[in-house]
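Peer 1:
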Amino acid sequence: MSSNKIIIITAPSGAGKTSIVHYLLKKYPEKLSFSVSATTRKAREEEVNGRDYYFMREDEFKTKIHNNEFVEWEMVYEGKYYGTLQSEIERIWSTGKTPVLDIDVKGALRIHEQYPDCSISIFIQPPSVTELKKRLESRGTETTESLAARVNKAAYELSFKDHFNYTVINSNLQNACAETEQLVNAYLRS
Ligand code: 5GP
């Protein structure tokens, strides 16, 4: 029975967690479903509202905080809110699938605290902060300031890795995907 489980994938930005999450979702579309977060940041060119995020204005986001609609929320970057809606988790459970959350370290800790018995948390570790900076640069989505903010935050977030159930080191994406898949499979069978 997988409908009351939660899979949390967390990592510093740029560690490759989104690629790993996409891999899992593509491989197990009948079992897993991406948990679409709400955010106040602007959509990137290729992003679609309702698929990648529920993009919303800050006042809408704050109303939802006020109404206790979030399982967790964070100001992940200066002025930009991100959060997991309770309704999203329930929507996915109601389809009989398991939600996969791609969220930041603090948010992941909070969800894990709230669902200690029905969640697995996997921390994706970049091989080094230097490598992570290179990856973010080559992605080309960051300004000088946002790149620096993400790198600083990553160094801090690495210190939390021991709080999660498992750590997967992403030196090689294929291996990291396979390792994460094994953990998820074992969890879904448990
Ligand atoms: P990005 O702006 O690159 O899409 O995401 C920035 C960071 O916010 C990533 O680490 C991503 O995992 C995290 N994030 C996305 N959705 C949520 C959420 O609902 N809650 C929290 N706490 N972090 C999130």
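According to my numbering, the sequence shown is numbered sequentially starting from 31.
Think of the CB as a built atom: it goes at the ideal place given N, C-alpha and C, for glycine as much as any other residue.
As a quick exercise: from Lys35, Asn34, Ile36, Ala41, pick the residue whose alpha carbon is nearest that of arginine 180.
Peer 2: Ala41
Peer 1: According to DSSP, is tyrosine 21 helix, strand or coil?
Peer 2: There is simply no residue 21 to check, as the chain begins at 31 and stops at 220 in what is shown.
Peer 1: If you compare alpha carbons, which of Tyr107, Ser117, Lys57 is closest to asparagine 97?
Peer 2: Ser117
Peer 1: Between Ala45, Lys35, Glu108, Ile38, which has its C-alpha nearest valine 159's C-alpha?
Peer 2: Measuring from the Cα of valine 159, the nearest candidate turns out to be Ala45.
Peer 1: In this structure, does DSSP put lysine 57 in helix, strand or coil?
Peer 2: helix
Peer 1: Shorter than 7 Å, the distance from the beta carbon of glycine 137 to the closest heavy atom of ligand 1, or not?
Peer 2: yes
Peer 1: Would you decide whether threonine 125 is buried or exposed? Buried here means 16 or more other CB atoms lie within 10 Å of its CB.
Peer 2: exposed
Peer 1: Just checking, does the segment 193-205 make contact with the segment 138-157 on the three C-beta pairs under 8 Å criterion?
Peer 2: yes
Peer 1: Considering only C-alpha positions, which residue in the set Arg169, Asp89, Asp82, Glu76 is nearest to serine 63?
Peer 2: Asp82
Peer 1: Can you list every residue whose CB sits closer than 5 Å to some heavy atom of ligand 1, going in chain order?
Peer 2: My final list is Ser43, Ser67, Glu104, Val106, Tyr112, Gly113, Thr114, Asp132, Ile133, Asp134, Gly137.
Peer 1: Run through DSSP, which three-state label would serine 49 get?
Peer 2: helix
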